[in-house]
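Numbering (full-length UniProt numbering), first residue to last: 1 to 1006.
Notes to accompany the following structure.
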């Protein structure tokens, strides 16, 4: 009878499965455990489960058991960091988790202690933890190795399918199994195989023999012979069927800084995982492990300095590879360009200080899309390569290449790589059925002969397992499958760059938009606003202290410590809103403290600045413009908003007598309208905007209604609740038209405002539409007390503008997005990120939607939409629940967004002029730094990291080019252009600013 290959594979899988039950020659229960100092028996429930619990025990290996063949198996009831102390007092720590339960004894007698939490790797609680199992296993090494090898053959056959090598591989495995002299004594056989699935289905098993016999010496010799012969046969087959392609294996343990667990648990996960990785390096010199994130190493330096020293030793030997170059693995859709710059600056500086080198590879496997600003910052930061796999999660369209040049907004390029592993993505396995499809899916195999593959249990699973070490060694002789070897990520990219120099690679220009996880632009909106306030607050604090220093004050201190807190909270599961509630309690506390720190630093800078200004009379206001845009005098003082004639120069300082702050004039209001010299806003009876008239152009901005509040009650994604919004969310929408009240609440000479209160279902929405005398926009300040689940609240404005593209602000520039849906790429972009504004313009006229805390936008036809709040239930059932406040605005303008001053108004909405009432100062103004030439966006004015100079950073925001220069105060000199790492730029031939260029200068005091 001739069996098909599928039948032979099935038979192989059944027969090889039995080997597992003879893997342990003998077992011995380990009892006498202590739980927080009190006895705890095997099988007993934990007396308490909250927090970190302490296990301890003493273990003795039975006489006659060879120490190097013994394993301690532990299942304490949760994740643990265990420490094993030998008889001589030496101790080693290991991570204990579902994938790492066996440990080699260091001596015949040893002690075990643990810090254990009643949690599983993905944060799931162990509802009823108990001490499940503690045993010593005498491992039958030859059986274990043969069992692993046969499984690998089975996996290879499954993956290779119809490949002509398959029948030969099956035959080799069959010969090996037939050659075994296997035990058959009934009592021993039934007892050992009792855990098998089929045995467990039997109505009642016979009484099982205790301590069933393992293999005798002759039987074990047959296993050794079978294994050696099988490896030889595979090696022979490999000559006939050589490897197809190469897969570079890198050990990895993707540890989310926070996600389904709070940060304190991440600190424990880091230690467990890192100890495990180091233990594998003790087993194999060939093993390679990579770990990104400077913040993790900084935390380990605090929590376990000895562990960091061991990591440094292995990093020096090349086995442990630090990658990434950034402070953490951040979201890149929402942070400002300056935040992304600080990720590079502080990350690279830390790695260089701690490990003696910088990184050339940016490692962001799991972020939800990538800003087009990133390549330029990476190149300036010394990184020429970029890795992710998240782009392959796009549901409709995929970036068409897996190895390609990614070109940023300014034209800078990095070599980008992604792989498509169908088995857990970046949490891959050393298995033929993982390796083969990863190579098969690699779309640039016609250009490059290798793809990367990360292997290891991630998110706290502990990374690679000991079995993966064995598997890699065995795979070296396998036929037909890709060659798979432990490889350094750096070496992989160096080879890829060599290929890219010799072979044309595809080029992807601009942002990499992920067609998934679009709701991360909205979920947990409160923390998004806190983050924006925190990053802006630190930028302004540095700017004020820098201006004061340029005028003669003491050199400002570094704010790196404060920045590190903000950067930490940009992690790709914190800022996007995809973590549990506890994470956001911590984030809110940290960001509120950052905001307070920024305000305190701003106040201190003003204190330092004030004595440097000319003395005069009382009754004045000190005003500082912390941007590079000329700003109208619009001040937020204790007595209210002041909108006066005149402007404040870029990075200018002015002392204005209060008597000179007369209202600009031209402001009027009724119960349904607001008007100044530039715009007139008229409200409909339902509180929506029925008219937004732009006087300079004579154009109506609204076609239909503006600021319609829509509640979409079908916000129920298929898989990822907090992450996703489906393309059919608008199929069930309800406009909130009912009004509780509408009234004119402010009608002063500087500002007028109408307040509209609405109640919808269980929530209350209060919006105050305000107009200042010298504003070009109408502000919609919104206060929401939100108590809805699975509802998406959006603001919809129907505009009298027709354009094929909308302009969306992003980090260090803008990106144009389609307003149509003529192809699948456009259809998929139904919710997209923008920073402070989205603009819709036609020749001569446009309308912008501005915001101070929102990121999720839609632009379809002539309709702009802004997502306000959501109500997902996983992983935080109370996401967006309760009170929150934010402001957005509508702004008609002449010309393009660039000509119409949209960015400047968006800047003012997010960062008003700094104003403080002062006494004893003379009226006047000054500019410590005078910029000339093309309009530029301001990024930072900060002390240099080497402690001597000042750094000014600007960017070109619109895709234009032109001359740009700065004049400095007497006693200061411009030392030239520097990179984001504050080192001299290699090529300084280009003057002025190029499109979307980020440029930094170093200033020295004479």
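All C-beta atoms, glycine included, are put in the ideal place defined by N, C-alpha and C.
What first and last residue would you give for the beta strand (DSSP E) that runs through residue 640? Here residue 640 corresponds to residue number 640 of the chain shown, with the count starting at 1. Residue 640 -> beta strand (DSSP E) spans 640–648.
Q) The alpha helix (DSSP H) with residue 549 in it runs from where to where? A) Here residue 549 corresponds to residue number 549 of the chain shown, with the count starting at 1. For residue 549, the enclosing alpha helix (DSSP H) has its first and last residue at 525–550.
Given this structure, state the Cα-to-Cα distance separating residue 933 from residue 777, to the nearest angstrom.
What you label residue 933 is simply residue 933 of the chain shown in a count that begins at 1. What you label residue 777 is simply residue 777 of the chain shown in a count that begins at 1. Approximately 27 angstroms, taken between the alpha carbons.
Note to self: Please state whether the Cβ-Cβ distance between residue 995 and residue 956 is less than 9 angstroms.
What the structure shows: Along the chain shown, one-based indexing puts residue 995 at 995. Along the chain shown, one-based indexing puts residue 956 at 956. Less than 9 angstroms separates the beta-carbon of residue 995 from that of residue 956.
| Exposure label - residue 858; buried when at least 16 CB within 10 Å | The residue given as residue 858 occupies position 858 in the chain shown. With 16 or more other Cβ atoms within 10 Å, it is buried.
_Collapsed DSSP secondary structure at residue 629 in the structure displayed_ = As a working mapping, residue 629 is identified with position 629 in the chain shown. Judged by DSSP in its simplified three-state form, residue 629 adopts coil rather than helix or strand.
**Item:** 3 or more residues per run - each beta strand (DSSP E) lying fully within the segment 711–740
**Value:** If we require 3 residues or more, the beta strand (DSSP E) runs fully inside the segment 711–740 come out as 733–735.
* **Residue range of the alpha helix (DSSP H) that includes residue 803** => Looking up residue 803 in the chain shown gives position 803. Annotation: residue 803 is outside any alpha helix (DSSP H) and is labelled neither H nor E by DSSP.
Exercise for review: Let me know the secondary structure DSSP gives residue 378 once reduced to three states.
Suggested key: The residue labelled residue 378 in the question sits at position 378 within the chain shown. In this structure, residue 378 counts as helix in the three-state DSSP scheme.
Could you check what DSSP says for residue 509 in three-state terms: helix, strand or coil? The residue labelled residue 509 in the question sits at position 509 within the chain shown. Residue 509: strand per DSSP, three-state reduction.
What's the gap between the Cα of residue 145 and the Cα of residue 286?
-> Taking the chain shown and counting its residues from 1, one reaches residue 145 at position 145. Taking the chain shown and counting its residues from 1, one reaches residue 286 at position 286. If you draw a straight line from the Cα of residue 145 to the Cα of residue 286, it is about 18 angstroms long.
Worksheet item: First and last residue of the alpha helix (DSSP H) that includes residue 199?
Response: Indexing the chain shown from 1 puts residue 199 at position 199. That run of the alpha helix (DSSP H) goes 197–200.
Between the beta-carbon of residue 290 and the beta-carbon of residue 471, is there less than 9 angstroms? One-based indexing of the chain shown puts residue 290 at position 290. One-based indexing of the chain shown puts residue 471 at position 471. No, they are not a contact pair.
*Give the DSSP-derived three-state secondary structure of residue 967 in the structure shown.*
Working through the chain shown from its first residue, we reach residue 967 at position 967. Correct three-state label for residue 967: strand.
- Item | In DSSP terms, what residue 663 is bridged to | Taking the chain shown and counting its residues from 1, the one referred to as residue 663 is at position 663. Note: residue 663 sits in a beta bridge opposite 644.
> If you run the structure through DSSP and keep just helix, strand and coil, what is residue 1007?
Replying inline: Residue 1007 is absent from the structure shown; the chain starts at 1 and stops at 1006.
For this session: Can you tell me the Cβ-Cβ gap for residue 892 and residue 692, rounded? I've got them flagged as a contact below 8 angstroms.
Result: Locating residue 892 in the chain shown gives position 892, where the first residue counts as 1. Locating residue 692 in the chain shown gives position 692, where the first residue counts as 1. Indeed, because the Cβ distance is near 6 angstroms, the residues count as touching under 8 angstroms.
Notebook entry, point to check: Can you tell me the Cα-Cα spacing of residue 191 and residue 729, whole angstroms?
Noted result: Here the question's residue 191 lines up with position 191 in the chain shown. Here the question's residue 729 lines up with position 729 in the chain shown. Our two residues, residue 191 and residue 729, have alpha carbons roughly 57 angstroms apart in a direct line.
query: Which residues bound the beta strand (DSSP E) around residue 7?
result: Within the chain shown, residue 7 is the residue found at index 7, counting from 1. First-last for residue 7: 5–17, but that is the alpha helix (DSSP H), not the beta strand (DSSP E).
Identify the residues that DSSP records as bridge partners of residue 808: which are they? Residue mapping note: residue 808 aligns to position 808 of the chain shown, counting from 1. Secondary-structure assignment with DSSP links residue 808 through a beta bridge to 815, 838.
**Coarse secondary structure for residue 833, derived from DSSP in three states** = Locating residue 833 in the chain shown gives position 833, counting from the first residue. Strand, per DSSP.
_Test item: CB-CB of residue 125 and residue 118 under 9 angstroms_ = Here residue 125 refers to the residue found at position 125 of the chain shown. Here residue 118 refers to the residue found at position 118 of the chain shown. Yes, these two residues count as a Cβ contact at 9 angstroms.
Residues in its own chain within less than 8 angstroms of residue 743 by CB, not counting five upstream and five downstream?
As a working note, residue 743 is residue 743 in the chain shown. Only 671, 754, 755 meet the Cβ criterion.
Checklist line | Nearest to residue 808 (by Cα), restricted to the options 998, 786, 837, 288 | finding: By one-based count along the chain shown, residue 808 stands at place 808. Closest option to residue 808, Cα to Cα, is 837.
What residue range does the beta strand (DSSP E) around residue 857 cover? For the purposes of this step, residue 857 is taken as residue 857 along the chain shown, with counting starting at 1. From DSSP, the beta strand (DSSP E) with residue 857 extends over 856–860.
*Classify residue 963 as buried or exposed, calling it buried when 16 or more other Cβ atoms lie within 10 Å of its own Cβ.*
For the purposes of this step, residue 963 is taken as residue 963 along the chain shown, with counting starting at 1. Exposed, since its Cβ has fewer than 16 Cβ neighbours within 10 Å.
Looking at C-alpha atoms only, which residue of 160, 254, 201, 176 is the closest neighbour of residue 241?
Sequence index remark: in the chain shown, residue 241 carries index 241 (1-based). Relative to the Cα of residue 241, the nearest Cα in the group 160, 254, 201, 176 belongs to 160.
Query raised in the report: Closest by CA to residue 68, which one among 138, 350, 255?
Result: Stepping through the chain shown from its first residue, residue 68 is reached at position 68. For residue 68, the closest of 138, 350, 255 by C-alpha to C-alpha distance is 138.
Point to revise | Cβ-based neighbour list, residue 28, same chain, cut-off 6 angstroms, excluding 5 preceding and 5 following | key: Counting from 1 along the chain shown, the entry for residue 28 is found at position 28. 62, 136.
According to the neighbour-count rule (16 or more other Cβ atoms, all chains shown, within 10 Å of its Cβ), is residue 542 buried or exposed?
Sequence index remark: in the chain shown, residue 542 carries index 542 (1-based). It counts as buried.
Which ranges does the beta strand (DSSP E) cover as unbroken runs of at least 3 residues, wholly within the segment 457–497, from first to last along the chain?
The segment 457–497 contains these whole beta strand (DSSP E) runs: 483–486.
Have a look at 431, 645, 404, 451 and flag the residue whose alpha-carbon is nearest the alpha-carbon of residue 420. By 1-based counting over the chain shown, the position of residue 420 is 420. Of the listed residues, the one whose Cα sits closest to residue 420 is 451.
N- and C-terminal bounds of the alpha helix (DSSP H) containing residue 441
By 1-based counting over the chain shown, the position of residue 441 is 441. From DSSP, the alpha helix (DSSP H) with residue 441 extends over 432–441.
Spatial neighbours of residue 650 in its chain, beta-carbon cut-off 7 angstroms, leaving aside the 5 residues before and after: Counting from 1 along the chain shown, the entry for residue 650 is found at position 650. Result list for residue 650: 625, 627, 628, 629, 630, 931, in chain order.
Practice problem: Could you check if residue 280 is buried or exposed, using at least 16 other CB atoms within 10 Å of its CB as the buried criterion? | Solution: Here residue 280 corresponds to residue number 280 of the chain shown, with the count starting at 1. Under a 10 Å Cβ-count criterion, residue 280 is classified as buried, with 16 or more other Cβ atoms of the shown protein chains found around its own Cβ.
If you check the beta carbons only, do residue 511 and residue 370 fall under 9 angstroms apart?
Position 511 of the chain shown, counting from 1, holds the residue named residue 511. Position 370 of the chain shown, counting from 1, holds the residue named residue 370. Yes, these two residues count as a Cβ contact at 9 angstroms.
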